[in-house]
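Heads up, the thing below is written out as structure tokens.
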Amino acid sequence: MSDDSMVINFHDAVLYQSDLKLLHDGNWLNDSCINYGITRLAVQGQSSLFNLQYVDPSVVSFFMHQLTPGEDDDEMIVLYKNWNIASSEKSKTPTILFVPINDNNAIGFGSGSQNMYDGNHWSLLVTIINNGILTSFHLDSSSNYNGIASSQVHKRLRYIVELGISGKIEKYVDIIECKTPQQKNGYDCGLHCLIAAEAISRLFWHATQETLETFQNNNVSRIQESLEDSTKSFVNSFKNDIGVVARKRLLKSIETET
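First residue of the sequence shown: 1, per UniProt numbering; consecutive thereafter.
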């Protein structure tokens, strides 16, 4: 089988043989692997209390590098509509955006020797849009390495939401850095990103009315605590073998689907 052979097409998340090799130990996950992981989460679980939206990493690169505010507003409004934010706001259902962050998302990343689409690190941005308030929580397994990129994506999301509602959001909260289990090597960042996304997804899949009220009331400190606790607890279940176990889980899921 050549490196160009498709291995799986899971709800339009496509992996090729070359991508599959990256799921073995010692390799950094690319955007296709990350998209496959978050697409599985989107398909795996639903929430009747929250509007959960999982953003393809290529879409993040698209609205950060290829869309220009003021010139491409129509395309940004399409993104807003695709995330079903408007109807969720009407029904007072909090929208949760799971946004994989790469350091190449930073504006001007490609102005030096690195290509705009190369990158070194993955992290996760969880953006909550509720009752006219936008808040983002950043989970980074490498000491806020993606701090600049996550902040710029956070601001661009604000711009997109304000386009969608045709006005200023009522309250804009600066990005909040969450305490996050740290990776032990230089290549497992993508796995940490996916594990954090799954841990937080589980929080919403099994949400109670009390959980809903915490988010509806925009209780930032309690929300941060719940995100941190969920991630820490889930990571601890891997017994310090997060890279090994997470890779095996992804490979097993591919075997199951094919």
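Even glycine gets a Cβ: it sits at the ideal position worked out from N, Cα and C. Note that the coordinates shown come from a computational prediction; the quantities given were computed from them, not determined experimentally.
DSSP on residue i, reduced to helix/strand/coil?
i	result
Tyr-145	coil
Phe-137	strand
Phe-50	coil
Trp-205	helix
Ser-150	helix
Ile-101	strand
Glu-170	coil
Ile-165	helix
Ile-107	coil
Thr-258	coil
Ile-176	strand
Are residue i and residue j touching if we call contact CB-CB under 8 Å?
i	j	result
Ile-85	Gly-167	no
Trp-122	Gly-190	yes
Ile-176	Phe-137	yes
Asn-146	Asp-103	yes
Val-161	Leu-124	no
Thr-95	Gln-53	yes
Asn-130	Phe-204	no
Phe-98	Ala-207	no
Gly-119	Ile-169	no
Leu-139	Cys-178	yes
Ser-32	Asp-19	yes
Ile-195	Ile-242	yes
Following the continuous alpha helix (DSSP H) through residue i, name the residue where it begins and the one where it ends.
i	result
Phe-215	209-216
Phe-234	220-236
Asn-82	73-82
Ser-88	85-90
For the beta strand (DSSP E) containing residue i, list its first residue and its last residue.
i	result
Tyr-187	Where Tyr-187 is concerned, there is no enclosing beta strand (DSSP E), given that its DSSP letter is neither H nor E.
Asn-130	122-130
Mind the definition here: the segment 187-204 touches the segment 31-48 only if three or more C-beta pairs lie below 8 Å; say whether that holds. yes
Cβ contact (3+ pairs, closer than 8 Å) linking the segment 49-67 and the segment 221-229: no
With a cut-off of 8 Å, do at least 3 Cβ pairs link the segment 65-85 to the segment 228-241? no
At which residue ranges does the segment 1-70 contain complete beta strand (DSSP E) runs of 3 or more residues, listed in the order of the chain? 6-10, 13-16, 51-54
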